[in-house]
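Report on one structure; see the data block that follows.
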Amino acid sequence: MALSCTVVFTSHLANTETQSYLVREQCLLLLQLILVFFLLFFFSIERIPTDAEREVWDQVDVVLKDAKEILDELQAYKGAGQEIREAIQNPNDEALQEQAWAAVVPLVGKLKKFYEFSQRLEAALHSLLGALTSETYDDPTQHLEREQALAKQFAEILHFTLRFDELKMTNPAIQNDFSYYRRTLSRMRINNVPADGENEVNNELANRISLFYADATPMLKTLSDSTTKFVAENKNLPIANTTDCLSTMATVCKVMLDTPEYRSRFTSEETVSFCLRVMVGVIILYDYVHPVGAFAKSSKIDMKGCIKVLKDQPPNSVEGLLNALRYTTKHLNDESTNKTIKSMLQ
1 MALSCTVVFT
11 SHLANTETQS
21 YLVREQCLLL
31 LQLILVFFLL
41 FFFSIERIPT
51 DAEREVWDQV
61 DVVLKDAKEI
71 LDELQAYKGA
81 GQEIREAIQN
91 PNDEALQEQA
101 WAAVVPLVGK
111 LKKFYEFSQR
121 LEAALHSLLG
131 ALTSETYDDP
141 TQHLEREQAL
151 AKQFAEILHF
161 TLRFDELKMT
171 NPAIQNDFSY
181 YRRTLSRMRI
191 NNVPADGENE
201 VNNELANRIS
211 LFYADATPML
221 KTLSDSTTKF
231 VAENKNLPIA
241 NTTDCLSTMA
251 TVCKVMLDTP
261 EYRSRFTSEE
271 TVSFCLRVMV
281 GVIILYDYVH
291 PVGAFAKSSK
301 IDMKGCIKVL
311 KDQPPNSVEG
321 LLNALRYTTK
331 HLNDESTNKT
341 IKSMLQ
């Protein structure tokens, strides 16, 4: 396609530097529009991996198969607030202490499961980044076009991540339960009381889990750290391979959401939410990986346009995503960040 559009354009233009530049820009625009049409189906149709994608796809698919169960369990997480309050208010009532402990231990097992899934997700992202930013193809558009199944998995990981963090941020029971668990476990150790739950979460693991949930958006932090680590470990790979992949996905998501002709083809609001989460996810990863971030003038992401797209949605549906941009990005509060962008996120 790139070759054919070059031939068409060059047949009508003289071979000057300025005109050659226009040819390249128009070809790039056409390719991006083609990618938009591809992504209109990308979000609703399962992509079958090619032979070249299969190995990485299989590894990631094992992880993604468990993602829905994780979200369902997190959404159903009610916590042990009542039992904990009664135990704290009646410190000498052993029966209430035992009831609270019995309620908290299985919940901590779930929190441990969520944390361990974040480690699996990190490994999956690492594999996908390796494939989608390799020098197999010349640019990110070619990667996304020719590795559609992997690109779909990358989008699914971002969707899961933003959804997980939205649910976590609105559920204070998670940190309350785990804090109570740690305090009670510490007290049991001091008093030499055997604790069944200690076998499930030892002290070292408890420290790591505590740090994980202390972050407002723990899954997003995991992916941001993983992406930064990937770039640091692959110094032979141009950083633009990663940032261009991220910025291209952000641009395409914005165009899809901001253009009535494309937006009208979405079959459900869940598809819209999916696209919004992917857009925000790649913006945040870009902001961590790019030396000057997503908010700089030189950024390849139209941040004003992306924020406007978010603000054009029903407020209740995007507040978590706006908060993710406000509180989990790296460069928003830099002095060089445009004041208009800052005010849009206030």
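One point on numbering: in UniProt numbering, the residue at position 266 of the sequence shown is 266, and numbering is uninterrupted. Even glycine gets a Cβ: it sits at the ideal position worked out from N, Cα and C.
Query: Would you decide whether glutamine 148 is buried or exposed? Buried here means 16 or more other CB atoms lie within 10 Å of its CB.; Result: buried
Query: For glutamine 75, which residues in the same chain have their Cβ closer than 8 Å to its Cβ, ignoring the five residues on either side in sequence?; Result: Leu167
Query: Does the pairing of the stretch 90–109 with the stretch 171–181 give three or more beta-carbon distances under 8 Å?; Result: yes
Query: Go ahead and pull the three-state DSSP assignment for arginine 24.; Result: Its pLDDT being 49, under 50, arginine 24 is placed unreliably in this model, and the coordinates cannot settle the point.
Query: Which value, in whole angstroms, describes the spacing of the CA atoms of threonine 340 and phenylalanine 295?; Result: 11 Å
Query: Please return the same chain residues whose Cβ sits closer than 7 Å to the Cβ of methionine 303, not counting the five positions on each side in sequence.; Result: Ala294, Phe295, Ile341
Query: In whole angstroms, what separates the C-alpha of residue 410 from that of aspartate 258?; Result: The structure shown has nothing for residue 410, since the chain only spans 1 to 346.
Query: Below 8 Å between beta carbons: does that hold for residue 410 and leucine 129?; Result: Lying outside 1 to 346, the shown extent of the chain, residue 410 is not represented and no answer is given.
Query: Unbroken beta strand (DSSP E) runs of length 3 or more, entirely within the stretch 148–214: which are they?; Result: none
Query: How many Å lie between glutamate 69 and valine 201 at the Cα?; Result: 21 Å
Query: Any Cβ of chain B within less than 8 Å of the Cβ of isoleucine 157?; Result: Of the protein chains in the structure, only one exists, and it is not chain B.
Query: Rounded to whole angstroms, what's the CA-CA distance from isoleucine 84 to tryptophan 101? Just pull it up for me.; Result: 8 Å
Query: Expressed to the nearest angstrom, what Euclidean distance is found between the alpha-carbon atoms of threonine 243 and glutamine 99?; Result: 51 Å
Query: Below 8 Å between beta carbons: does that hold for isoleucine 209 and tyrosine 115?; Result: yes
Query: Looking only at its own chain, which residues have a Cβ that is under 6 Å from the Cβ of threonine 337, when we skip the five neighbours before and after it?; Result: Phe295
Query: Is it buried or exposed for tyrosine 286, if we count other Cβ within 10 angstroms and need 16 for buried?; Result: buried
Query: Work out the CA separation of alanine 214 and glutamine 82 for me, nearest whole Å.; Result: 22 Å
Query: Can you tell which of Ala103, Ile88, Thr217, Ser268 has the C-alpha that lies nearest to the C-alpha of asparagine 171?; Result: Thr217
Query: Which runs of the alpha helix (DSSP H) fall wholly inside the stretch 202–273 and span at least 4 residues, in chain order?; Result: 203–214, 218–233, 239–258, 260–263
Query: Pick helix, strand or coil for isoleucine 284, following the three-state DSSP scheme.; Result: helix
Query: State the Cα-Cα distance for the pair isoleucine 48 and tyrosine 327, rounded to the nearest angstrom.; Result: 36 Å
Query: Grouping DSSP H, G and I as helix and E and B as strand, with all else coil, what is proline 49?; Result: coil
Query: In chain order, what residues of the same chain have a beta carbon less than 7 Å from the beta carbon of residue 409, not counting five sequence neighbours either side?; Result: Outside the modelled stretch of the chain, which goes from 1 to 346, sits residue 409, for which no answer is possible.
Query: Between which two residues does the alpha helix (DSSP H) containing alanine 102 stretch?; Result: 94–132
Query: I need the straight-line Cα distance from alanine 95 to phenylalanine 212, nearest angstrom please.; Result: 31 Å
Query: Which word fits arginine 163, buried or exposed, when buried means at least 16 other C-beta atoms lie within 10 angstroms of its C-beta?; Result: buried
Query: Would you kindly work out how many angstroms separate the C-alpha atoms of arginine 182 and tyrosine 288, rounded to a whole number?; Result: 32 Å
Query: Helix, strand or coil: how does DSSP classify aspartate 58 here?; Result: helix
Query: If you run the structure through DSSP and keep just helix, strand and coil, what is leucine 40?; Result: Because leucine 40 sits at a pLDDT of 45, beneath the cut-off of 50, its placement in the model cannot be relied upon, and the following sentence gives the value as read from the coordinates. Leucine 40: helix per DSSP, three-state reduction.
Query: Within the continuous alpha helix (DSSP H) that includes tyrosine 327, where are the two ends?; Result: 315–328
Query: Identify which residue in Asn90, Ala87, Gln59 has its Cα closest to the Cα of alanine 123.; Result: Gln59
Query: Less than 7 Å between C-beta atoms, sequence neighbours within five positions excluded: which residues of the same chain meet that for valine 36?; Result: For valine 36, the predicted structure reports a pLDDT of 48, less than 50, and the residue's modelled location is therefore unreliable. A value from the coordinates is still provided. Only Val252, Val255, Met256, Tyr262 meet the Cβ criterion.
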